[in-house]
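Read the structure below first, then the notes.
See the structure below:
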């Protein structure tokens, strides 16, 4: 049904993934993984029309990744975070992995078009945040 409504040449692509790095007092990555149908419908919702090229879908997924990471950044302003430019991976059965020391949090969303997930991996916060000085601890 999706291929009939969005007749784009996908060459076997089944998912589109946005990745963005975050740096500041902590470093992290946000990964948003869309099944193809969800990426298409999300693009339609964002742009107001059916995508005419895969590049439009890539741009929309990059923008959605930026919006979600930007919202997280604004909610964590005390960490003085900056966002990298988002990257978008288009492919079949691809997997994005975090460093072995990072234990990501994953939330999966089910929609009428399929699933998408948001993964957030934050480096070891205890090692990244500055330690309080003895003077600050006693103040």
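Residue numbers (my numbering): 15 to 153. The beta-carbon is built from N, C-alpha and C at its ideal position, and this holds for glycine as well. Quantities reported herein were computed from a predicted structural model and do not represent experimental measurements.
N-terminal and C-terminal residue of the alpha helix (DSSP H) that residue i is part of
i, result
"residue 74", "68 to 89"
Chain C contact for residue i (CB, 8 Å cutoff)
i, result
"residue 88", "Here there is only one protein chain, and chain C is not present."
Reduced DSSP secondary structure (H/G/I, E/B, other) of residue i
i, result
"residue 59", "helix"
"residue 104", "strand"
"residue 51", "helix"
"residue 93", "helix"
"residue 151", "Reliability of the predicted coordinates at residue 151 is poor, the pLDDT of 45 falling under 50, and the value obtained from them is presented with this limitation in mind. Residue 151 falls in the helix class under three-state DSSP."
N-terminal and C-terminal residue of the beta strand (DSSP E) that residue i is part of
i, result
"residue 34", "29 to 37"
"residue 119", "119 to 125"
"residue 130", "128 to 136"
Among the options, the one whose alpha carbon lies nearest that of residue i
i, options, result
"residue 57", "39, 78 and 38", "78"
"residue 34", "101, 92, 90 and 28", "101"
"residue 67", "83, 104 and 99", "104"
"residue 111", "25, 24, 38 and 42", "42"
"residue 127", "24, 49 and 32", "49"
Classification of residue i by the beta-carbon crowding that lies within 10 angstroms, buried from 16 upward
i, result
"residue 135", "buried"
"residue 224", "Since the first residue shown for the chain is 15 and the last is 153, residue 224 is missing from the structure and cannot be characterised."
"residue 149", "At residue 149 the pLDDT is 47, less than 50, meaning the model places this residue with poor confidence; the figure from the coordinates comes in the next sentence. Burial call: exposed."
"residue 125", "exposed"
"residue 29", "buried"
"residue 122", "exposed"
Inter-residue CB distance, residue i and residue j (contact presumed, cutoff 8 Å)
i, j, result
"residue 71", "residue 54", "6 Å"
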